[in-house]
């Protein structure tokens with residue numbers, strides 16, 4: 014499956030020149046007057062990206078499949094997508110009725126959250142497996158789209174400190190989204206399995222880098238381990254234990270980016286008593302050793 018890394022040329026981003034800040038940020042406007050060119054057919058096939066995306070959609074008439082869920086027609090909504098989630102666009106593009114912005118960025122744009130896990134831990138709407146789609150109250154949505162408009166203008170500016178302003182505005186936007194989506198208020202309709210799965214991911218991310226057992230997470234959610242396992246399997250096709258492992262690997266990769274930490278430090282931070290056990294765990298789930306991963310990235 015194709016994985017796209019270049020934000021600036023992804024989908025329709027290359028049609029309108031803008032500062033991409035070393036491939037860390039791009040914002041695309043959706044409006045009737047915007048230029049349009051039929052995207053390459055590869056974008057209509059299921060694919061992944063290795064960057065984050067937020068759709069701030071005042072009006073959306075397109076159906077876009079994200080993972081197992083489909084973004085339906087909506088007003089004043091948000092579609093939030095994390096790296097490596099599968100996305101598939103339908104071929105009916107564009108619509109003259111659609112209005113909004115799509116924001117693409119890498120975690121590297123930030124200083125404090127410059128790895129994916131740190132960003133996902135602070136902003137729980139960035140989940141790996143479930144796709145948060147929110148319908149907002151009009152005043153909450155207006156707060157967010159106002160910032161998106163400023164981001165759009167600033168990213169096409171050549172004025173001093175443009176990057177710092179974009180980074181600051183994006184962080185404000187993320188905290189506005191966090192406030193507006195707190196406790197899943199206003200979430201676009203999911204079936205019961207997807208709701209449980211979404212809450213499961215939120216509980217994992219809320220445990221301050223400590224990873225528990227399926228039974229312990231189920232107890233925190235006041236449901237049985239059997240029911241949690243059933244819901245996760247139906248929502249994602251994966252076991253609940255595999256979801257925990259996915260997040261544990263994501264956190265391990267984040268720590269391995271920090272060169273001041275030894276492999277042993279990373280192993281102990283993940284509650285492995287022996288470095289060898291961590292190495293086996295990492296290789297079994299990624300296909301390479303922790304040292305090989307670190308060397309690839311640095």
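In the working numbering, the protein residues as written are 14 to 311. Positions of the beta carbon are idealized from the N, C-alpha and C atoms, including for glycine.
From the listed residues 150, 78, 61, the smallest Cα separation to residue 95 is found for 61. Here residue 170 carries a coil assignment [DSSP, helix/strand/coil]. Annotation for residue 210: no beta strand (DSSP E) segment contains it, though the alpha helix (DSSP H) segment containing it runs 205-218. Here residue 83 is bridged, per DSSP, to 78. Assignment of residue 92 by DSSP, reduced to helix, strand and coil, places it in the strand class. Of the residues 219, 165, 112, the one whose Cα lies closest to the Cα of residue 139 is 219. Residue 126 sits away from residue 180, with the two beta carbons spaced by 8 Å or more. Across the structure, residue 130 and residue 263 are spaced so that their CA atoms are roughly 6 Å apart. Using a Cβ distance threshold of 8 Å, residue 267 and residue 128 count as a contacting pair.
Within the model, the alpha-carbon separation for residue 52 versus residue 41 is close to 14 Å. As the crow flies, the alpha-carbon of residue 90 is around 34 Å from that of residue 229.
A distance below 7 Å between beta-carbons, with the five flanking residues on each side excluded, links residue 238 to the following residues of its chain, in chain order: 227, 228, 231. Distance from residue 256 to residue 142 at the Cβ level is roughly 6 Å; contact confirmed, criterion being Cβ atoms closer than 8 Å. For residue 256, the uninterrupted alpha helix (DSSP H) run begins and ends at 253-269, by DSSP. The Cβ neighbour count for residue 159, taken over all protein chains shown within 10 Å, is under 16; the residue is labelled exposed.
If you compare the alpha carbons of 97, 285, 209, 82 with that of residue 16, the shortest gap goes to 97. Contact annotation, residue 260 with residue 295: C-beta distance approximately 14 Å; criterion of less than 8 Å not satisfied. Counting only the Cα atoms, residue 173 lies some 47 Å from residue 248. Between residue 112 and residue 49, the alpha-carbon positions lie close to 14 Å from each other.
Linking residue 293 to residue 155 through their CA atoms gives a straight-line distance of about 49 Å. Counting along the chain, residue 189 sits inside the alpha helix (DSSP H) bounded by residues 175-193. Secondary structure of residue 138 (DSSP, three-state): coil. Of 177, 71, 83, the smallest CA-CA separation from residue 38 is found for 177.
Cβ-Cβ separation between residue 32 and residue 121: approximately 15 Å, too far for a contact (criterion under 8 Å). The distance from the Cβ of residue 84 to that of residue 146 is about 6 Å, consistent with a contact at the 8 Å cut-off. Close CB contacts of residue 43 within its chain, under the 8 Å cut and outside five residues either way in sequence, are with 70, 107, 111, 112, 113, 114, 115 (chain order).
In this model, residue 164 and residue 157 are separated by some 11 Å (Cα to Cα). Partner residues in a beta bridge of residue 103, as assigned by DSSP, do not exist. Assigned with DSSP and collapsed to three states, residue 47 falls in coil, not helix or strand. Residue 72 is bridged by DSSP to 88, 112.
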